[in-house]
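Residue numbers (my numbering): 833 to 945. Worksheet for the structure shown next.
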């Protein structure tokens, strides 16, 4: 049975995926069978997968950071950090780049240069 993806479902699944919530938990939150939820989850995953060149706001060790994706890995990305828009306290830990898990991406942003 094909379930219609609503904007509320999209938002819920997106935020839960970014938090690393299990697929079975997402199914319970959606009040759907596991198989129906998997269809929804896969549809949402395809629509939110970041691309090289996307500018993102992400959390790293509980600090807000902003950067641009340079390379995609399986479930993470190599991100060049924009230090003008990120917390300077992290300069001792990070160099110019870091690895960001997709679940740690908070939002996609656009920084005017």
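The C-beta atom is built at its ideal place from N, Cα and C for all residues, glycine as well. If you're wondering where the values come from, they're calculated on a predicted model, not measured in any experiment.
Less than 9 Å between the beta carbons of residue 912 and residue 895, yes or no? The sequence position of residue 912 within the chain shown is 80, counting from 1. The sequence position of residue 895 within the chain shown is 63, counting from 1. Going by C-beta atoms, residue 912 is not nearer than 9 Å to residue 895.
Any idea if residue 936 is buried or exposed, counting beta-carbon neighbours within 10 angstroms, 16 or more meaning buried? Locating residue 936 in the chain shown gives position 104, counting from the first residue. Counting of Cβ neighbours within 10 angstroms places residue 936 among the buried residues, the total reaching 16 or more.
With respect to the beta strand (DSSP E) encompassing residue 887, which residues constitute its N-terminal and C-terminal limits? Within the chain shown, numbered from 1, the residue matching residue 887 stands at position 55. Boundaries of the beta strand (DSSP E) around residue 887: 887-892.
Could you tell me the alpha carbon to alpha carbon distance between residue 893 and residue 835, rounded to whole angstroms? In the chain shown, counting from the first residue as 1, residue 893 sits at position 61. In the chain shown, counting from the first residue as 1, residue 835 sits at position 3. Our two residues, residue 893 and residue 835, have alpha carbons roughly 37 Å apart in a direct line.
Going straight from the alpha carbon of residue 929 to that of residue 861, what length do you get? Here residue 929 is taken as the residue at index 97 of the chain shown, counted from 1. Here residue 861 is taken as the residue at index 29 of the chain shown, counted from 1. Going by the C-alpha atoms only, they are around 35 Å apart.
Collapsed DSSP secondary structure at residue 871 in the structure displayed: Locating residue 871 in the chain shown gives position 39, counting from the first residue. The answer is helix: DSSP assigns residue 871 an H, G or I state.
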